[in-house]
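Novice: Got a structure for you, written out below as C-alpha cells; questions coming shortly.
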Amino acid sequence: QKEVEQDPGPLSVPEGAIVSLNCTYSNSAFQYFMWYRQYSRKGPELLMYTYSSGNKEDGRFTAQVDKSSKYISLFIRDSQPSDSATYLCAMTKWGGYNKLIFGAGTRLAVHP
Amino acid sequence: GAGVSQSPSNKVTEKGKDVELRCDPISGHTALYWYRQSLGQGLEFLIYFQGNSAPDKSGLPSDRFSAERTGGSVSTLTIQRTQQEDSAVYLCASSSRLAGDLAKNIQYFGAGTRLSVL
Chain E
14 QKEVEQDPGP LSVPEGAIVS LNCTYSNSAF QYFMWYRQYS RKGPELLMYT YSSGNKEDGR
74 FTAQVDKSSK YISLFIRDSQ PSDSATYLCA MTKWGGYNKL IFGAGTRLAV HP
Chain W
96 GAGVSQSPSN KVTEKGKDVE LRCDPISGHT ALYWYRQSLG QGLEFLIYFQ GNSAPDKSGL
156 PSDRFSAERT GGSVSTLTIQ RTQQEDSAVY LCASSSRLAG DLAKNIQYFG AGTRLSVL
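Residue numbers (this note's numbering), protein chains in the order written: chain E, 14 to 125; chain W, 96 to 213.
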C-alpha cells in the first residue's frame, strides 16, 4: 500500500465550479503538507504549504488538513480554464531538508 | 539562472546504453533532489544532496543508478545499461531555507528530462 493515496481522475468541471481534490495518507508522522500544480511538460510548482490541522486560504485556493483522519484537501473556487493541470499532494515528516512523498496526482480539466 | 535548469529536455536511447542527465540548481541553493515520475504516477524520490554529499540515496532503484554533485552546484544522474522500465521523466529540485523560517523547505523543480528507452 502506498503511503499517500490520491485519485488520479481525470476530473472535468465547468468554468466557475468549486473543485475539491483530496489525498489520504497512512503515516501519522507526516506533519508538513503541500499541494503542487504541474502543467503539461512542466515541473511541479508549489501552490500551498501547511503545517498542522486546519485551513489555509490563498486567493481562490484553500488547503485543509485533518490529521486525525489523515486526510488533506485542496479547494479551488471559481475555477478557470487556466487551472487545468495535474495537482499533486506532497508531505514530509519534518521541516528542513528532506524528501517529499507525493501522491499520484489528479488531472483536472476546466472547460469554458 | 532564475530557475532550476535540466538538460537534455528529451533523451531517446537504446536499451543497454548509458545516459547522463544534468541538473543546474538555483544559485545559492545548497540542497538538491532527484525524483522520477513515471506515466500516471506521482514523483518518486531518488536521492538528496546537501552540498556535494548525499545523506539520503535510499530511493535509487538499483546499482545501475548513480549521481554526483560537484562544486555544490551542478548534479549529474547517470543510468547505466538502461532498461525499458527506466523510461520516465526525471525531475530535479533545489531548495534553501527561507530566512527566519527554519521549518520551511520549499523545493523548486526544473522541467525535467523525458527519458525514453527503446
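Cβ coordinates follow ideal geometry from the N, Cα and C atoms, glycine included.
Mind listing the chain E neighbours of F140/W? Cutoff is C-beta to C-beta under 8 angstroms, in chain order.
Specialist: Here residue 140/W refers to the residue found at position 45 of the second sequence. Ordered by position in chain E, the residues that pass the 8 angstroms Cβ test against F140/W are K112, L113 and I114.
Novice: Measuring only from the beta carbon, is Y143/W closer than 7 angstroms to any heavy atom that is part of the ligand GDP?
Specialist: Of the ligands one can find in the structure shown there are none, so the ligand GDP has no counterpart to examine.
Novice: On the DSSP letters alone, give me the boundaries of the beta strand (DSSP E) that E139/W sits inside.
Specialist: Counted from its first residue, the second sequence places residue 139/W at position 44. Counting along the chain, the beta strand (DSSP E) containing E139/W begins and ends at L138 to Q145.
Novice: Under 7 angstroms between beta-carbons, which chain E residues line up against Q136/W? List them in chain order, please.
Specialist: Within the second sequence, residue 136/W is the residue found at index 41, counting from 1. By Cβ distance, chain E contributes A117.
Novice: Could you please give the first and the last residue of the uninterrupted beta strand (DSSP E) stretch that includes D119/W?
Specialist: As a working note, residue 119/W is residue 24 in the second sequence. It spans V114 to D119 - the beta strand (DSSP E) in which D119/W sits, taken as one unbroken run.
Novice: As an exercise, report each continuous beta strand (DSSP E) stretch of at least 3 residues that is fully enclosed by the region 62 to 106 of chain E, in chain order.
Specialist: Correct list: 67 to 71, 74 to 79, 84 to 89 and 98 to 105.
Novice: So that I know if they touch, is there some Cβ in chain W lying closer than 8 angstroms to that of G29/E?
Specialist: The residue given as residue 29/E occupies position 16 in the first sequence. Closer than 8 angstroms: no.
Novice: Name, please, each residue of chain W whose Cβ falls closer than 7 angstroms to the Cβ of K55/E.
Specialist: Counting from one through the first sequence, the residue named residue 55/E turns up at place 42. In chain order: A206.
Novice: Count the other CB atoms within 10 Å of the CB of W129/W; is the residue buried (16 or more) or exposed (fewer)?
Specialist: To locate residue 129/W, count along the second sequence from 1; it is residue 34. Under this definition W129/W is a buried residue.
Novice: Where DSSP assigns a beta bridge to F160/W, which residues make up the other side?
Specialist: Locating residue 160/W in the second sequence gives position 65, counting from the first residue. Paired residues: I174/W.
Novice: For the beta strand (DSSP E) containing P150/W, name the first residue and the last one.
Specialist: Here residue 150/W refers to the residue found at position 55 of the second sequence. Per DSSP, P150/W belongs to the beta strand (DSSP E) from S148 to D151.
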